[in-house]
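Protein chains in written order, with our numbering: chain A, 4 to 116; chain B, 33 to 146.
Positions of the beta carbon are idealized from the N, C-alpha and C atoms, including for glycine.
None of these values were measured; they are calculated from a predicted model.
First the structure, in the form of structure tokens, and then the observations on it.
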């Protein structure tokens, strides 16, 4: 069964610093990988998704992720953190996007002023 | 294009009562999935409806039931509420079938059971 591991349940970065949230997937490569973000007391918002083709995926709010098959990784990055990036981030695998999604506990990102 | 909407935003019920939560799909979507998110946890899949038929169910008891209407809006019904049902309930709409694609989530309904 496909699964992902998000390294670090809590990540803190200073405002303006690089954001790096790690996601490694199991060797059974899922066709789709999503990053969802959940701001405090809100629903989930799709940040970006990888399906096929280009391995560098650009999302909303300046985020991007690179699918690296050799490292079985799909890390989320943003060059410069903003206070508004404070949220919970979920890396989610999927067969075709529409079936049930299996979420882990996510990574809570805190931005230090 | 209208996004996914949910109502109500917040709800307080007492143990043993019944509750109905509502979800309006994004325009053009024919599939609705419901998730329960307990505090500090990731969302857990409850069930999915595709073209008014249940299309998969997670590990939730039968007192969790749902409906999808011809306009693809949906309801989640929970009977005999328990304290552990307190959570954020999220619905997500998507396009199913051969053009299956990404799920887009609504803002959620916060249910508190006292």
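9 Å Cβ cut-off: residues of chain B touching residue i
i	result
residue 104 of chain A	65, 67, 75, 77, 124, 135
residue 108 of chain A	72, 73, 74
residue 49 of chain A	134, 135, 136, 137
Under 8 Å from the C-beta of residue i: neighbouring residues of chain A
i	result
residue 60 of chain B	None at all; the shortest Cβ gap to chain A is about 13 Å.
residue 139 of chain B	45, 46
Proximity test, Cβ basis, 8 Å: residue i and chain A
i	result
residue 80 of chain B	yes
Interface flag, residue i vs chain B, CB-CB below 8 Å
i	result
residue 93 of chain A	yes
residue 52 of chain A	yes
Cross-strand partners of residue i (DSSP beta bridge)
i	result
residue 27 of chain A	A:8, A:76
residue 82 of chain B	B:63, B:85
residue 136 of chain B	B:125
residue 92 of chain A	A:40, A:110
Local conformation of residue i per DSSP, three classes
i	result
residue 71 of chain B	coil
residue 87 of chain A	helix
residue 98 of chain B	strand
residue 21 of chain A	coil
residue 115 of chain B	helix
residue 64 of chain A	helix
Contacts of residue i in chain A (Cβ-Cβ under 7 Å)
i	result
residue 48 of chain B	Those do not exist, as residue 48 of chain B stays about 27 Å from chain A at its closest Cβ, beyond 7 Å.
residue 90 of chain B	103
Residue-level contact to chain C via CB, residue i, 8 Å cutoff
i	result
residue 26 of chain A	Here the protein chains are A and B, and chain C is not one of them.
Curious, which full-length beta strand (DSSP E) runs of at least 3 residues does the region 33–60 of chain A contain? Those beta strand (DSSP E) runs which fall completely within the region 33–60 of chain A and span 3+ residues are 35–41, 47–53.
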